[in-house]
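Here the sequence shown stands for residues 3 to 227, where the numbers follow my numbering. Even glycine gets a Cβ: it sits at the ideal position worked out from N, Cα and C. What follows is one structure encoded as C-alpha coordinates, with my remarks underneath.
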Amino acid sequence: MIFGDFRQLMPRPYCEIVLVATAFLCGALVGFEREREHKPAGLRTLILICVGSAIFTVMSVSPTLGGHEPARIAAQIVTGIGFLGAGSILRDRHRISGLTTAATIWACSGIGMAVGAGYAAAGIVLSAAVLVTLGWVRQLEVLLNGACHVRRVLVVYQPGQGKTRARITALLDEAKGHIAIGEDKERPQGLREISVEYCSVHRDHRCVLAQLADVPGVEALETVA
(Lines of atoms letter the chains of each structure in order from A and count residues from 1; the text may use other names and numbers.)
(Lines give C-alpha, C1' and ligand atoms only; values in the text may rest on other atoms or scores of the structure.)
Protein backbone atom coordinates (compact mmCIF):
# COMPACT_ATOMS: atom_id res chain seq x y z
CA MET A 1 0.00 0.00 0.00
CA ILE A 2 2.90 2.35 0.67
CA PHE A 3 3.77 2.35 -3.05
CA GLY A 4 0.16 2.92 -4.08
CA ASP A 5 -1.79 6.11 -4.70
CA PHE A 6 -1.23 8.46 -1.76
CA ARG A 7 -4.61 10.09 -2.35
CA GLN A 8 -6.29 6.99 -0.96
CA LEU A 9 -4.57 7.55 2.40
CA MET A 10 -5.22 11.26 2.99
CA PRO A 11 -8.06 13.60 2.05
CA ARG A 12 -7.74 16.73 -0.09
CA PRO A 13 -6.13 19.24 0.07
CA TYR A 14 -3.66 17.76 2.58
CA CYS A 15 -2.53 15.00 0.23
CA GLU A 16 -1.58 17.57 -2.46
CA ILE A 17 0.47 19.52 0.08
CA VAL A 18 2.32 16.38 1.15
CA LEU A 19 2.91 15.38 -2.48
CA VAL A 20 4.40 18.76 -3.40
CA ALA A 21 6.59 18.64 -0.28
CA THR A 22 7.75 15.16 -1.28
CA ALA A 23 8.59 16.45 -4.76
CA PHE A 24 10.67 19.18 -3.08
CA LEU A 25 12.57 16.50 -1.14
CA CYS A 26 13.13 14.37 -4.26
CA GLY A 27 14.48 17.33 -6.22
CA ALA A 28 16.72 18.29 -3.31
CA LEU A 29 18.19 14.78 -3.07
CA VAL A 30 19.29 14.79 -6.70
CA GLY A 31 20.11 18.50 -6.76
CA PHE A 32 22.46 18.24 -3.79
CA GLU A 33 24.64 15.74 -5.66
CA ARG A 34 24.66 17.93 -8.78
CA GLU A 35 25.46 21.04 -6.73
CA ARG A 36 28.36 19.25 -5.06
CA GLU A 37 29.78 18.42 -8.49
CA HIS A 38 29.34 22.08 -9.59
CA LYS A 39 26.99 21.21 -12.45
CA PRO A 40 24.83 23.84 -14.22
CA ALA A 41 21.57 22.21 -13.10
CA GLY A 42 22.14 22.25 -9.36
CA LEU A 43 20.08 22.24 -6.18
CA ARG A 44 17.64 25.06 -6.88
CA THR A 45 17.13 24.13 -10.52
CA LEU A 46 16.27 20.50 -9.90
CA ILE A 47 14.04 21.33 -6.93
CA LEU A 48 12.05 23.75 -9.10
CA ILE A 49 11.84 21.23 -11.96
CA CYS A 50 10.63 18.45 -9.68
CA VAL A 51 8.18 20.65 -7.78
CA GLY A 52 6.89 22.29 -10.94
CA SER A 53 6.25 18.93 -12.61
CA ALA A 54 4.46 17.72 -9.49
CA ILE A 55 2.25 20.82 -9.31
CA PHE A 56 1.22 20.54 -12.95
CA THR A 57 0.49 16.84 -12.51
CA VAL A 58 -1.60 17.53 -9.40
CA MET A 59 -3.53 20.07 -11.43
CA SER A 60 -4.00 17.64 -14.30
CA VAL A 61 -5.64 14.97 -12.09
CA SER A 62 -7.78 17.50 -10.22
CA PRO A 63 -11.48 17.03 -11.08
CA THR A 64 -12.00 20.79 -11.34
CA LEU A 65 -8.86 21.61 -13.39
CA GLY A 66 -7.83 18.52 -15.33
CA GLY A 67 -11.31 17.38 -16.20
CA HIS A 68 -11.56 14.07 -17.97
CA GLU A 69 -8.32 14.46 -19.94
CA PRO A 70 -5.44 14.63 -17.43
CA ALA A 71 -2.97 13.51 -20.10
CA ARG A 72 -3.11 16.90 -21.80
CA ILE A 73 -1.15 18.74 -19.10
CA ALA A 74 1.22 15.80 -18.62
CA ALA A 75 2.05 15.83 -22.33
CA GLN A 76 2.88 19.54 -22.14
CA ILE A 77 5.23 18.88 -19.21
CA VAL A 78 7.14 16.34 -21.31
CA THR A 79 7.38 18.79 -24.21
CA GLY A 80 8.52 21.68 -22.03
CA ILE A 81 11.16 19.64 -20.23
CA GLY A 82 12.43 18.41 -23.59
CA PHE A 83 13.17 22.00 -24.63
CA LEU A 84 14.73 22.79 -21.25
CA GLY A 85 16.99 19.74 -21.44
CA ALA A 86 18.00 20.46 -25.03
CA GLY A 87 19.09 23.94 -23.98
CA SER A 88 21.61 22.48 -21.53
CA ILE A 89 23.46 20.50 -24.23
CA LEU A 90 26.50 22.26 -25.68
CA ARG A 91 28.61 21.22 -28.63
CA ASP A 92 31.94 22.49 -29.87
CA ARG A 93 34.53 21.16 -32.27
CA HIS A 94 35.95 18.64 -29.82
CA ARG A 95 33.14 17.31 -27.66
CA ILE A 96 29.50 17.39 -26.64
CA SER A 97 28.80 18.40 -23.04
CA GLY A 98 25.67 18.63 -20.94
CA LEU A 99 24.12 15.29 -21.89
CA THR A 100 24.11 14.03 -18.30
CA THR A 101 22.67 17.35 -17.11
CA ALA A 102 19.89 17.12 -19.70
CA ALA A 103 19.15 13.51 -18.73
CA THR A 104 19.05 14.49 -15.04
CA ILE A 105 16.55 17.26 -15.81
CA TRP A 106 14.44 14.76 -17.74
CA ALA A 107 14.58 12.20 -14.92
CA CYS A 108 13.71 14.76 -12.21
CA SER A 109 10.72 15.88 -14.20
CA GLY A 110 9.55 12.27 -14.44
CA ILE A 111 9.99 11.87 -10.69
CA GLY A 112 7.95 15.01 -10.09
CA MET A 113 5.19 13.72 -12.33
CA ALA A 114 5.15 10.38 -10.50
CA VAL A 115 4.91 12.13 -7.14
CA GLY A 116 2.23 14.51 -8.40
CA ALA A 117 0.21 11.52 -9.60
CA GLY A 118 0.14 10.26 -6.01
CA TYR A 119 3.08 7.86 -5.90
CA ALA A 120 5.18 9.63 -3.27
CA ALA A 121 7.11 6.57 -2.04
CA ALA A 122 7.92 5.57 -5.61
CA GLY A 123 9.29 9.07 -6.23
CA ILE A 124 11.68 8.77 -3.29
CA VAL A 125 12.88 5.37 -4.50
CA LEU A 126 13.37 6.75 -8.02
CA SER A 127 15.37 9.69 -6.61
CA ALA A 128 17.63 7.22 -4.82
CA ALA A 129 18.06 5.31 -8.09
CA VAL A 130 19.10 8.52 -9.88
CA LEU A 131 21.59 9.26 -7.09
CA VAL A 132 23.10 5.78 -7.48
CA THR A 133 23.37 6.32 -11.23
CA LEU A 134 25.08 9.70 -10.87
CA GLY A 135 27.41 8.61 -8.06
CA TRP A 136 28.23 4.94 -7.91
CA VAL A 137 27.91 4.30 -11.62
CA ARG A 138 30.52 7.01 -12.17
CA GLN A 139 32.90 4.97 -10.04
CA LEU A 140 32.05 1.92 -12.14
CA GLU A 141 32.95 3.87 -15.28
CA VAL A 142 36.34 4.64 -13.76
CA LEU A 143 36.91 0.94 -13.08
CA LEU A 144 35.88 -0.02 -16.62
CA ASN A 145 38.15 2.62 -18.15
CA GLY A 146 41.11 1.40 -16.11
CA ALA A 147 43.47 3.16 -13.76
CA CYS A 148 44.45 6.74 -14.47
CA HIS A 149 47.89 7.57 -15.87
CA VAL A 150 48.68 11.02 -14.55
CA ARG A 151 50.68 13.24 -16.89
CA ARG A 152 51.80 16.84 -16.55
CA VAL A 153 51.86 19.52 -19.20
CA LEU A 154 53.05 23.12 -19.07
CA VAL A 155 50.67 25.57 -20.71
CA VAL A 156 52.77 28.47 -22.03
CA TYR A 157 50.75 31.61 -22.67
CA GLN A 158 50.79 35.36 -23.21
CA PRO A 159 49.46 37.13 -20.08
CA GLY A 160 47.09 39.36 -22.03
CA GLN A 161 46.35 41.45 -18.89
CA GLY A 162 45.01 38.34 -17.13
CA LYS A 163 42.49 37.40 -19.82
CA THR A 164 44.35 34.32 -21.03
CA ARG A 165 44.70 32.91 -17.51
CA ALA A 166 40.97 33.43 -16.94
CA ARG A 167 40.12 31.54 -20.15
CA ILE A 168 42.43 28.67 -19.23
CA THR A 169 41.02 28.39 -15.69
CA ALA A 170 37.42 28.48 -16.89
CA LEU A 171 38.11 25.74 -19.43
CA LEU A 172 39.77 23.49 -16.85
CA ASP A 173 36.99 24.09 -14.32
CA GLU A 174 34.41 22.73 -16.79
CA ALA A 175 36.40 19.57 -17.51
CA LYS A 176 35.07 16.20 -16.36
CA GLY A 177 37.14 14.38 -13.79
CA HIS A 178 39.91 15.77 -11.65
CA ILE A 179 42.39 18.03 -13.45
CA ALA A 180 44.91 19.58 -11.08
CA ILE A 181 46.06 23.14 -11.76
CA GLY A 182 49.58 23.77 -10.54
CA GLU A 183 51.85 26.73 -10.08
CA ASP A 184 51.80 29.76 -12.35
CA LYS A 185 55.34 30.97 -13.15
CA GLU A 186 57.03 33.63 -15.25
CA ARG A 187 59.03 32.72 -18.36
CA PRO A 188 61.41 34.70 -20.57
CA GLN A 189 60.11 37.11 -23.22
CA GLY A 190 57.13 38.13 -21.13
CA LEU A 191 55.48 34.72 -21.22
CA ARG A 192 53.98 32.73 -18.35
CA GLU A 193 53.43 29.03 -17.75
CA ILE A 194 50.92 27.07 -15.72
CA SER A 195 51.29 23.42 -14.77
CA VAL A 196 48.34 21.10 -15.43
CA GLU A 197 48.04 17.46 -14.37
CA TYR A 198 45.64 15.25 -16.30
CA CYS A 199 44.85 11.60 -17.03
CA SER A 200 46.24 10.45 -20.37
CA VAL A 201 43.67 7.63 -20.69
CA HIS A 202 40.71 9.93 -19.99
CA ARG A 203 39.16 10.83 -23.34
CA ASP A 204 37.60 14.03 -22.00
CA HIS A 205 40.98 15.14 -20.69
CA ARG A 206 42.55 14.69 -24.11
CA CYS A 207 39.76 16.83 -25.54
CA VAL A 208 40.55 19.49 -22.94
CA LEU A 209 44.17 19.58 -24.11
CA ALA A 210 42.99 20.17 -27.66
CA GLN A 211 40.76 22.99 -26.43
CA LEU A 212 43.64 24.51 -24.48
CA ALA A 213 45.70 24.64 -27.66
CA ASP A 214 42.95 26.72 -29.29
CA VAL A 215 42.69 29.28 -26.49
CA PRO A 216 43.77 32.73 -27.74
CA GLY A 217 47.08 33.63 -26.15
CA VAL A 218 48.27 30.05 -25.55
CA GLU A 219 51.67 29.66 -27.24
CA ALA A 220 52.55 26.01 -26.52
CA LEU A 221 51.78 22.87 -24.55
CA GLU A 222 55.00 21.33 -23.23
CA THR A 223 54.80 17.79 -21.91
CA VAL A 224 56.83 17.19 -18.75
CA ALA A 225 58.54 13.82 -18.57
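With a 10 Å radius around the Cβ and a threshold of 16 neighbouring Cβ atoms, I19 comes out exposed. Residues A43, I51, I83, L86, G87, S90 of the same chain have their beta carbon placed closer than 7 Å to that of I107, with the five preceding and five following residues left out of the count. The straight-line gap separating the alpha-carbon atoms of R38 and L136 is approximately 12 Å. The residue from E35, E199, R153 with its alpha-carbon nearest to that of V134 is E35. Rounded to the nearest whole angstrom, the CA to CA distance from L174 to R167 is 11 Å. If you ignore the 5 residues before and after R9, its C-beta comes within less than 7 Å of the C-beta of C17, G120, all in its own chain and listed in chain order.
Residue R169 holds the alpha-carbon nearest to the alpha-carbon of V220 among V127, W138, R169.
C-alpha of A215 to C-alpha of A23: approximately 48 Å in a straight line. In this structure, G125 sits near V117, with a CB-CB distance shorter than 8 Å.
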